[in-house]
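Listed in order, the protein sequences are those of chains Z and E. For what it's worth, the numbering used here labels the leading residue of the first sequence as 29, then goes sequentially. For what it's worth, the numbering used here labels the leading residue of the second sequence as -16, then goes sequentially. Don't be surprised by glycine CBs; every beta carbon is placed ideally from N, CA and C. As the structure is a prediction and not an experimental result, all values here were calculated from the model. I have placed the structure first, in the form of structure tokens, so that the comments after it can refer back to it.
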Amino acid sequence: MSIVRTEALTKVYGVASQPIYALNEVNLAVDEGEFLAIMGPSGSGKSTLLYLLGGLDRPTSGSVRLRESDISALDDDALSRLRRTSLGFVFQFFNLVPVLSARENVAMPLILDGVRRVDALKRADDALARVGLADRGAHRPSELSGGEQQRVALARALVAQPAVVLADEPTGNLDSRSSDEMVQVLRQTVDAWGQTLILVTHDPRVAAYADRIVFLKDGKIVDDNRLKGQGSAEQIREQLNIMALG
Amino acid sequence: MTAKTNSFGTKTWQMTLMALRYLSGRKLRTVLTTLAIVFGVALIFAMNLVLPGIIDAFNQSMASVTGADLTVTNVAGGSFDPGPVLERIQATDGVQAATGILFRQFTLPERDEGDVLGDLKEIELVGVDPATVNDVSRLVMHEGRFLEPGERGSAVISTSAAALAPRLQLGTDFSLVTASGLQTFTVVGLFTSDSVLAVPQFILTLPDAQAALDQPGLINAVEVLLKPGADRDDVAAAIERGLGDNFTPADNATLTALPAMDVAFAMFNLFGALALFLGAFLIFNTFRTVVIERRRDLGMLRAIGATRRQITQTILIEGAIQGVGGTLIGLLLGYGLAVGMLAAMEPIMHEFIAIDLEMHYSLSAFAIPMILGPAVVLAASYWPARSAGKMSPLEALRPVPLAGMRHAARWSVIAGGVCVVVAIALLVSGSSGAIAGALLFLVGMVIAAPGLVLPAARLFGPLVTLWFAREGDLSRGNVARQPGRAAITASTLMIGVATVVMMAALVNSMMGLASDLTRETFASDVLVVPQSVAVYNNVLGAGEGLAEQIRALPEVETVATLRPASTSTDGSPLAVLGIDPAVYAQVSSIQFIEGDADEAYAALRTGRNAIVTALAQKMLGLDVGDDFVMETAEGPQTYHVVAVAHDVLTFKTSSAVISQANLAADFHTSEDVMLMINLVPGADKTAALADVQAALAGYPQFTAHLSSEYGDDLIETSMGATRLFYFVAALILIPAGLGLLNTLTINVLERTREIGMVRAVGGSRSQVRRMVTGEALLLGIFGAAMGVLSGVAISYGVITAFSMIGWELPYTFPAAGIVAALVIGVLLALSAGILPARSAAKLDIIRALQYE
């Protein structure tokens, strides 16, 4: 049973006379509880795909279905509601509100949704505990390390118990140790709570943790590997090299 | 999902919390922005505290003097023969009793420390008929007795007068200034005033008062007591029918503000509007920057599910907090400013009109700034807040493509250009839209500014490169890269510089005119002036005896006098000045705008002819050859306009100059308030002045001066007034400087990584500092250049607007002001650049490179 599905998803940039296909009729189905990594060279359309899946951008044509409902048909307010209730985002740059504490940042989607502040902060504490930051809730982002900030961002993505968590290069700005910790926490959320997770990365070591890797090139899916978490970074690097040469 | 109880409160509270944290996280910025609001509110509050007080000082209540049911006065406020009027009123149905009085409020001259009149400044002199006055209104005696019929030299004073002059007790003799010199009276009784605030009253018998006010046999009001049960309005109507249009039975209207005050009000309102505009602009500026700066935060909020409205709300809440906070501080500062303004204006006001100014704590004084402050902030932050809400999450997470900016820049030039063209058309057309044209010019420049940044950077860039040879190009690139922000900053400076230029032009023009007029007006050798010139309501002049006395002095050749009256024409107030057409031209030269001087003076001698001031011409639409009807003590009289002219004393007022013969016939007054004296050729001026001063011994309400010195004094005092203008201009420059500091600081913060890169590839600390300073300089030149253009336009508009209402000011091009404004603008930019430049230079290379 797929939780997210795209049908002929297409995104065109530029003027009509000189269209640039960021995505060209992409069909992709992601199962519930699946950890999917999207890879590809720069400009292949991976981030565009992620933004469209998350309702941050609108497709030129085609559709995105989340639990069988077409999110491309929603208006802005409905999309906003969907983002704060059913989707979670993690960005490369941690994107925390600098003036709020870690737990206030995590509680933000709930508060925006109208959950009582006390309840929202309590659930934020739970989410922080899940990413191993139970004791860091009172700190401001500037008082946390990069790895910690990114885990706070993950806690914020998880706090509303979304259907899907979308991560855009979540380790792109971390050192290798923090990066490893981050991926392990991501893997854990999938294994322990059955969280569906879609992640864009160019790092084979990160992708190696995924259940499945989709390779994009020039806006099209060129390969779809089901690794079941058994892939190795070497294999993936190999695959990337083949694609880059082809 | 958890129950969404109290969801509005939670969200709003969270947004407020975030707003507060953002504000306190950027303390410097918050302080700087709030200062803009503080400044605007302070200025408006101060004006509302001070101005109504001034207006009030001019508007003296003429309500019932003795507390009767009705007061009947002449519509022109003139005095009249009591006989027929009293008889008719007494015969009117519903009237129980009536009595004639003669009253006048005036300012006492300054006296020695030990004078029995103590601290009394302004008194009301009331002449009553002791036989009948108590039938109408019984004064409550506090001490002593009331006046007896036929009694002379006795006075009954109010307790409010005694409170200010404690030595004035029963049986005390005192010297009172009168139109026929100092006279001695004895206090025979004290009566209880209605309130402690009542004007101190001195009641004399009618003959004594008539002598003191030079109104023999005349009264100026009839106080009426109604029969029990009689309807006030019915009786009033009956009296009016009986007496004709010439008289009005009422508590009498307060005098309308003088046209000159309207002009002053308009000017201060313009300042207020300008300050508010600047405040709104700075807030808009800052919030736009805030939105750009916080784009990533806002985009993230959108990504995690905040709606457009919620994003708009966060920014607006921040605005609201600053608006309320800034307003409260502004009120405090405004109070201080008002105190300062009063102190600055006191000597001028005292010199000209001899009134004391007071703060005026009206509801509107508080309400206007308290509503306007937050409202302006909300309005100014609304657009940035809306545009923040409109950002899609992706736009917010990615940099804005340059093409969009270019496109926007082109539109800004087109839209701004259209505004400027319309503005110039309005200015040149000289219509009443001149002020609108001036403001539109400013708005047009603001709109066009983003599109002008690139050309300006190209134009002025070489200048900067001259000074900063190696870093100049980088500075120019940095300015051009963020045209929106550069434009906002330059616009802020533009408004400041424009204000300075406008002030310079205005002051130049006004002083030029005033000093010309002063020299021409005071062409006589010696001047005898009252405590207050130009506004005579409060002045007690002298009867003809004084002029006779001076005329008899051996050194004196000619004495010409001025006699005032006030009236209205077609419902508009009009000041009347009586001159002797035979001699006036010899001692004073009025500047004739229309009509011939000799013919006009000749015409004044025959029939009811008048010379009107330019202000009267504009306000009342009176042109040479027109007839107009003045309300006079003798009923409406038709006068014929023979010329338009003014001098330094009348050019700010709506006045008509007529012959003293007509003044005596129609207004029943022959009281001199100013004497202009020409000496025989070769006479010793100093000795003559001493003789004149000796003649004035009994008239402490007058002082004598050599005209040359008096004119210079007058010009100097007016110069003092201009200091206030420059002070306001300087205040407006402060937020402009803060705006510059604001932008440069943001630029440095935002470019931290780049600055690290410049340092990494070998740029020295001083080169980085020079790069930022160069940027400041470029912005400064750009802003100052726009400011000079706008300043010239605004000053032209303001002066055109003044001429609309009759102040014919020649436009003096403010060349010195422009140079000063350019220098100030550039210096301001350079000093605003110091801190950001230093902090940029101090950046640690590694940290800067890692900065996100």
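Pairwise C-beta distances place the segment 457 to 468 of chain E in contact with the segment 432 to 439 of chain E, as three or more of them are shorter than 8 Å.
Listed in chain order, the positions of the segment 118 to 133 of chain Z with a beta carbon within less than 9 Å of a beta carbon of chain E are F119, F121, F122, N123, L124, V125, P126, V127, L128 and E132. Only residues of its own chain outside the window of five on either side were considered, and among them R131, E132 and A135 have a CB closer than 8 Å to the CB of L149(Z), listed in chain order.
For W(-4)(E), the nearest CB of chain Z lies under 8 Å from its own CB, placing it at the interface with that chain. Under a 10 Å Cβ-count criterion, G110(E) is classified as buried, with 16 or more other Cβ atoms of the shown protein chains found around its own Cβ. An exposed status is given to R135(E), since fewer than 16 other beta-carbon atoms sit within 10 Å of its beta-carbon.
Think of a sphere of 9 Å around the beta carbon of P137(Z): the chain E residues whose beta carbon falls inside it are I287, G288 and A289, in chain order. Within chain E, the C-beta atoms nearer than 7 Å to that of R109(Z) come from G288, in chain order. D827(E) is outside the set of residues whose beta carbon lies under 8 Å from a beta carbon in chain Z. Using beta-carbon distances, G8(E) counts as an interface residue toward chain Z, with a partner under 8 Å. Cβ neighbours of L724(E) within its own chain (closer than 6 Å, five residues either side excluded): A815. The beta carbon of L187(E) sits closer than 6 Å to those of G110 and A138, all from its chain and outside the five residues before and after it, given in chain order. Counting only Cβ-Cβ distances below 8 Å, T(-7)(E) has contacts in chain Z at I139, G142, V143, R144, R145 and A148, in chain order. Around the Cβ of N269(Z), a 10 Å sphere holds fewer than 16 other Cβ atoms; the residue is exposed. For R254(Z), the beta-bridge partners assigned by DSSP are R240(Z).
Chain-ordered listing is empty here: chain Z has no CB closer than 7 Å to the CB of R278(E), the nearest sitting near 11 Å.
D214(E) and V55(E) have their C-alpha atoms spaced approximately 16 Å apart. When 8 Å is used as the limit between beta carbons, R184(Z) is near these residues of chain E: I287, in chain order.
Per DSSP, V429(E) lies in no beta strand (DSSP E) segment; the continuous alpha helix (DSSP H) that holds it begins and ends at A417 to W450. At a cut-off of 8 Å between C-beta atoms, Y49(Z) does not count as an interface residue with respect to chain E. Taking 8 Å as the cut-off, the beta carbon of L115(Z) is found closer than this to the beta carbon of G83(Z).
Counting only Cβ-Cβ distances below 7 Å, Y344(E) has no contacts in chain Z at all, with the closest Cβ about 40 Å away. In this structure P169(Z) touches Q177(Z) by the C-beta definition: roughly 5 Å separates them, less than 8 Å. Counting every other CB atom within 10 Å of its CB across the protein chains shown gives L315(E) a total below 16, marking it as exposed. In the three-state scheme derived from DSSP, where H, G and I count as helix and E and B as strand, S370(E) is classed as helix.
Nearest C-alpha to I660(E) among S412(E), N31(E), I533(E) and K(-6)(E): I533(E).
In the three-state scheme derived from DSSP, where H, G and I count as helix and E and B as strand, P232(Z) is classed as helix. Counted as a single uninterrupted DSSP element, the stretch harbouring E197(Z) is not any beta strand (DSSP E), since DSSP gives it neither H nor E.
One Cα belongs to M740(E), the other to T448(E), and the distance between them is close to 21 Å. The segment 137 to 196 of chain Z is shown to contain whole beta strand (DSSP E) runs of 3 or more residues at 192 to 196, in chain order. With at least 16 other beta carbons inside 10 angstroms of its own, M754(E) counts as buried. In terms of Cβ geometry, E301(E) and L732(E) do not form a close pair [threshold 8 Å]. Runs of the alpha helix (DSSP H) spanning 4 or more residues and lying entirely within the segment 63 to 125 of chain E occur at 65 to 74 and 113 to 119, in chain order. Among the residues of the segment 84 to 102 of chain Z, those with a Cβ less than 7 Å away from any Cβ of chain E are L84 and D85, in the order of the chain.
Among the residues facing chain E, D59(Z) is not included, as its CB has no counterpart in that chain under 8 Å away. Residue range Q620 to H629 is occupied by the beta strand (DSSP E) that includes V625(E).
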